[in-house]
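Q: FYI, the working numbering numbers position 119 of the sequence shown as 312, with every residue one higher than the one before it.
Beta carbons: idealized from backbone N, C-alpha and C, even for Gly.
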Amino acid sequence: MPGRSWKLWLRGRDRNFRRSSLNPRSPIHQGPDASSGPIAYLQQASRGHVMAHEHPAHSVHHIVPGFGADRAAHYDTQASVNLAGSQAAYEIGTSALTAQLDGQDTASLLFVGLGTGAELVPYTRFDVPGWRFTGVDPSDAMLAVARQRLEAEGMLSRTHLHVGELHTLPPGPPFDGAQMMGVLHHVEGEEARLELLREVARRLKPGAPLVLGCRVGKDPELTNVELRRLRAYGVPPDALERRRQHFAVMRPIESDAALFAMFAQTGLVAPRPIFVSLQFKVFLARFEPGAAG
């Protein structure tokens, strides 16, 4: 069924993070003032100011409204704490795609799960004025933040923002490249993950590069490193315990080898790591339709 994997991503993300007040996209009933910074924000989360909506699992439309204006407004603040080097990951992704397409005066890139648009901003430094971008995200509130950001950066005129699941993006010419950050590990089950990768691959030109970032593996030692870092940022013990519980129930891709096997089944070849932040890894691969096995 078209779009099934995208729906499963949303369900899995909502269910897996439901009890985690530290999740960057956790629903917000009462958000703190934007000037309070990441530490105060996360402290308020631990005191119950950040709470999860309960959504029926059968319909994505009951999940997406939870990504409201408050959540979107504070997403980047929390993300910078939750993922060490999040901005560097975006810059490396930009560097990888521009290197792969170096010399092209025009290019069209697809961004799956664009969110607030932060991953597009590094392109302002790469002198690619003829490149065009399409960002897909099921949350209109997140894309509203992206719209404001891209307008301020002078990028909105060459960016198409599409609210909805990937399969609802109207057919068009295939893209020269794509990026999907922080999405795949929220999709539950290998078949659903494969389906999402196939959806992305169907949108690409032969030979197009893909940058993909996701959590890989469950290493208790690295999990402790993550939790210790959050503690240093002022996250209180009860919030850390909820985070620990979230990590315990999470089912990311088991290993690099498991991810590469999924790549091979969907025609994504020559994968190589380009960025690692503890258990979050970013890979560069290339789409070759004849290689799908």
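Rounded to whole angstroms, what is the Cα-Cα separation between Gly486 and Thr459?
A: Going from the Cα of Gly486 to the Cα of Thr459 covers about 7 Å.
Q: Return yes when the Cβ of Arg396 is within less than 9 Å of the Cβ of His359, no when it is not.
A: Going by the sequence as given, residue 359 is Leu instead of His. Yes, these two residues count as a Cβ contact at 9 Å.
Q: Where does Asp330 land, buried or exposed, given buried means 16+ other C-beta within 10 angstroms?
A: Answer is buried; the Cβ neighbour count reaches 16.
Q: Hey, how far is the Cα of Trp424 from the Cα of Arg340?
A: Per the sequence presented here, residue 424 reads as Arg, with Trp not at that position. Spanning the two alpha carbons is a distance of roughly 33 Å.
Q: Give the straight-line distance between the Cα atoms of Ser301 and Glu434, rounded to the nearest whole angstrom.
A: Going from the Cα of Ser301 to the Cα of Glu434 covers about 43 Å.
Q: Could you tell me which of Gln280, Phe480, Leu276 sits nearest to Ala401, measuring between CA atoms?
A: Residue Phe480 is the option with its Cα nearest to Ala401.
Q: Please list the terminal residues of the continuous alpha helix (DSSP H) segment that includes His439.
A: His439 -> alpha helix (DSSP H) spans 430–442.
Q: Rounded to the nearest angstrom, what separates Glu344 and Asp295 at their Cα positions?
A: Answer to the nearest angstrom: the Cα atoms are 25 Å apart.
Q: Quick one: grab the DSSP three-state call for Thr459.
A: Thr459: coil per DSSP, three-state reduction.
Q: How far does the alpha helix (DSSP H) with Ser279 in it reach, from first residue to last?
A: Unbroken alpha helix (DSSP H) run through Ser279: 279–293.
Q: Note down the Cα distance separating Pro399 from Pro322, rounded to an integer number of angstroms.
A: For Pro399 and Pro322, the distance between alpha carbons rounds to 23 Å.
Q: What's the gap between the Cα of His283 and the Cα of Val462?
A: Reading the sequence as shown, one finds Tyr at residue 283 and not His. Cα-Cα distance, rounded: 22 Å.
Q: Apply the 10 Å Cβ neighbour rule to Asp369 and answer buried if 16 or more other Cβ atoms are within range, or exposed otherwise.
A: Asp369 comes out buried.
Q: Closest to Pro445 by CA distance: which of Thr352, Gly286, His378 is it?
A: Among Thr352, Gly286, His378, the Cα nearest to that of Pro445 belongs to His378.
Q: So Ala289 and Ile467 are in contact, right, with Cβ under 8 Å, and what is the actual spacing, rounded?
A: Confirmed, about 5 Å.
Q: Starting from Pro413, trace the alpha helix (DSSP H) in both directions and tell me its first and last residue.
A: Where Pro413 is concerned, the enclosing alpha helix (DSSP H) stretches over 413–425.
Q: Looking at Gly310 and Arg342, is the spacing between their C-beta atoms short of 9 Å?
A: Their beta carbons are under 9 Å apart, which means Arg342 touches Gly310 by this criterion.
Q: For Thr299, collect the residues of the same chain with a Cβ closer than 6 Å to its Cβ; drop the 5 residues on either side in sequence, then sort them by chain order.
A: Excluding positions up to five away in sequence, the list reads Gly323.
Q: What is the rounded straight-line gap between the Cα of Ala441 and the Cα of Gln297?
A: The straight-line gap from Cα to Cα measures roughly 45 Å.
Q: When the Cα atoms are used, what is the spatial distance from Val409 to Asp449?
A: Those two C-alpha atoms are separated by around 7 Å.
Q: According to DSSP, is Ser352 part of a helix, a strand, or is it coil?
A: First, the residue type needs correcting, since residue 352 is Thr and not Ser in the sequence shown. Note: Thr352 maps to strand in three-state DSSP.
Q: Our contact map puts Gln372 next to Gly286 with C-beta atoms below 8 Å; I'd like the distance itself, whole angstroms only.
A: Indeed they touch by this definition, with Cβ atoms about 5 Å apart.
Q: Below 8 Å CB to CB, which residues in the same chain sit around Met348 once its five sequence neighbours on both sides are set aside?
A: Cβ neighbours of Met348 beyond the five flanking positions: Leu313, Val314, Tyr316, Thr317, Phe326.
Q: Could you tell me whether the Cβ atoms of Phe476 and Leu452 are closer together than 9 Å?
A: Yes, Cβ-Cβ distance for Phe476 and Leu452 is below 9 Å.
Q: Please work out which residues of its chain come closer than 6 Å, Cβ to Cβ, to Ala394, disregarding the five sequence neighbours upstream and downstream, and give them in chain order.
A: Same-chain partners within the cutoff: Thr459, Gly460, Phe480.
Q: Is Arg465 buried or exposed, if buried means 16 or more other CB atoms sit within 10 Å of its CB?
A: That one is exposed.
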